[in-house]
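Right, one structure below, let's go through it.
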Amino acid sequence: MENKKLDKRVTHFALIAAFGGFVFGLDAANISGALRFVSSLFELNSIQQGTVVSVALLGVLAALVVTGFLCEWFGRAKVLLAIGITYAISSIVSASAVNYEMLVIGRFIGGVAFASITVSAMYIGEIAPAEKRGKFVSVNQFMIGLGLLLAFIINYFFIQSIDSISWLNNENVWRYMLGAELFANVIWIGLLLTIPESPRWLIS
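Those letters in the sequence shown? Residues 8 to 211, by the working numbering.
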């Protein structure tokens, strides 16, 4: 009985960590639908458009340099919580951007949060029993795909609703695309507040 309860708790915590993959998928894909509206509003050239999309890669590269150190120093759970907050900041800054530079900063911050993929997998690998680690890490990958899919669906919904919703137009639709992710961010942050630190980090 105790083992079953423990398995349920481990599964619960692992799924919360895997939800980071879902948030990553949302953040990575929502720019695809917003880009043409942003380009029109801010009159971006091809280089600037490419920068808006690719700057997230620079963010994750910068984050990966220090992520391992932060995980060892503060613990996996705390770093995941910080990443969740970083995703929320990215969503707010990007959706409220008043110029190209602010949007690039917002996307860069989102790229920093992309480290969630690595940290989530690390946390799952350390908290899950050996026989279930592969399954839980696979769930993390599935959540990424689900997040990507939902971002495309949300973008499609907003584009189709431009003519039918009075407060939605070509000038602001991209803000709702980039800001919709905030709901998932808040949910994940709330869930992360409930998870314990990984046993391996506590022992170390």
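Ideal placement from N, C-alpha and C gives every residue a C-beta, glycine not left out.
#### Entry: Asn106 (DSSP reduced to helix, strand or coil)
Taking the first residue of the sequence shown as 1, we reach residue 106 at position 99. Reduced to three states, the DSSP call for Asn106 is coil.
Quiz item: In or out: Leu200 buried (at least 16 other Cβ within 10 Å) or exposed?
Solution: Looking up residue 200 in the sequence shown gives position 193. Under the 10 Å beta carbon count, Leu200 is surrounded by fewer than 16 other beta carbons and is classified as exposed.
Quiz item: Taking just the CA atoms, how far does Leu110 sit from Leu88?
Solution: For the purposes of this step, residue 88 is identified with residue 81 of the sequence shown, where counting begins at 1. For the purposes of this step, residue 110 is identified with residue 103 of the sequence shown, where counting begins at 1. If you take the alpha carbons of Leu88 and Leu110, they lie about 23 Å apart.
Please report the straight-line C-alpha distance between Tyr107 and Leu64, rounded to a whole angstrom. Within the sequence shown, the letter at position 100 stands for residue 107. Within the sequence shown, the letter at position 57 stands for residue 64. Approximately 17 Å, taken between the alpha carbons.
Spatial neighbours of Leu153 in its chain, beta-carbon cut-off 7 Å, leaving aside the 5 residues before and after = Here residue 153 refers to the residue found at position 146 when the sequence shown is read from its first residue. In its chain, beyond the 5 residues on either side, Phe29 and Gly32 have a beta carbon closer than 7 Å to the beta carbon of Leu153.
Where Phe95 and Gly117 are concerned, what is the direct C-alpha to C-alpha distance, given to the nearest angstrom?
Start at 1 with the first residue of the sequence shown, and residue 95 comes out as number 88. Start at 1 with the first residue of the sequence shown, and residue 117 comes out as number 110. It is Ala, not Phe, that sits at residue 95 in the sequence shown. For Ala95 and Gly117, the distance between alpha carbons rounds to 8 Å.
(Q) Less than 8 Å between C-beta atoms, sequence neighbours within five positions excluded: which residues of the same chain meet that for Phe121? (A) As a working note, residue 121 is residue 114 in the sequence shown. Cβ neighbours of Phe121 beyond the five flanking positions: Phe31, Asp34, Ala35, Ala63, Gly66, Val67 and Ala70.
*Arg182 burial status per 10 Å Cβ neighbour count (16 or more: buried)*: Here residue 182 is taken as the residue at index 175 of the sequence shown, counted from 1. That one is buried.
Please classify Arg114: is it buried, with 16 or more other beta-carbons within 10 angstroms of its beta-carbon, or exposed? The residue you call residue 114 lines up with position 107 of the sequence shown. Using a 10 angstroms sphere on the CB of Arg114, the tally of other CB atoms reaches 16 or more, which defines it as buried.
Checklist line | When Leu175, Pro206, Ile196 and Ala128 are compared against Ile90, the one with the closest alpha-carbon | finding: For the purposes of this step, residue 90 is taken as the residue at position 83 of the sequence shown. For the options Leu175, Pro206, Ile196 and Ala128, the alpha carbon positioned closest to that of Ile90 is the one of Ile196.
I believe Asn37 touches Ala191 by the beta-carbon criterion, under 8 Å. Please report the beta-carbon distance rounded to the nearest angstrom. The residue given as residue 37 occupies position 30 in the sequence shown. The residue given as residue 191 occupies position 184 in the sequence shown. About 11 Å separates the two Cβ atoms, so there is no contact after all.
Worksheet item: Near Val126, what residues of its chain come up, given a Cβ to Cβ distance below 7 Å and the 5 sequence neighbours on each side ignored?
Response: For the purposes of this step, residue 126 is taken as residue 119 along the sequence shown, with counting starting at 1. So the qualifying residues of the chain are Thr74, Cys78, Arg83, Val86, Leu87 and Ile90.
Own chain partners of Ala187 with C-beta closer than 6 Å, once the 5 adjacent residues on each side are dropped:
Position 180 of the sequence shown, counted from the start, is the residue given in the question as residue 187. Closer than 6 Å at Cβ, skipping near neighbours: Ile161.
State the start and end residues of the unbroken alpha helix (DSSP H) segment that holds Gly186. Against the sequence shown, residue 186 aligns to sequence position 179. In the DSSP annotation of this structure, the continuous segment of the alpha helix (DSSP H) that includes Gly186 starts and ends at Val180 to Gly186.
Through-space distance from Arg207 to Ser98, alpha-carbon basis:
By one-based count along the sequence shown, residue 98 stands at place 91. By one-based count along the sequence shown, residue 207 stands at place 200. Rounded to the nearest whole angstrom, the CA to CA distance from Ser98 to Arg207 is 32 Å.
Could you tell me the distance, in whole angstroms, from the CA atom of His19 to the CA atom of Phe143? Within the sequence shown, numbered from 1, the residue matching residue 19 stands at position 12. Within the sequence shown, numbered from 1, the residue matching residue 143 stands at position 136. Rounded to the nearest angstrom, the two C-alpha atoms are 11 Å apart.
Worksheet item: What number of angstroms, rounded off, separates the C-alpha of Gln55 from the C-alpha of Val100?
Response: Stepping through the sequence shown from its first residue, residue 55 is reached at position 48. Stepping through the sequence shown from its first residue, residue 100 is reached at position 93. Here the C-alpha atom of Gln55 lies approximately 18 Å from the C-alpha atom of Val100.
Check whether the Cβ atoms of Ile112 and Ala24 lie closer than 9 Å to each other. Reading the sequence shown from its first residue, position 105 is the one you call residue 112. Reading the sequence shown from its first residue, position 17 is the one you call residue 24. Going by beta carbons, Ile112 and Ala24 fall outside the 9 Å limit.
Checklist entry - Per DSSP, what kind of secondary structure is Ile38 in: helix, strand or coil? => result Numbered from 1 along the sequence shown, position 31 holds the residue referred to as residue 38. If DSSP states are grouped into helix, strand and coil, Ile38 belongs with the helices.
Euclidean distance between Cα positions of Gly141 and Ala104: Along the sequence shown, one-based indexing puts residue 141 at 134. Along the sequence shown, one-based indexing puts residue 104 at 97. If you take the alpha carbons of Gly141 and Ala104, they lie about 40 Å apart.
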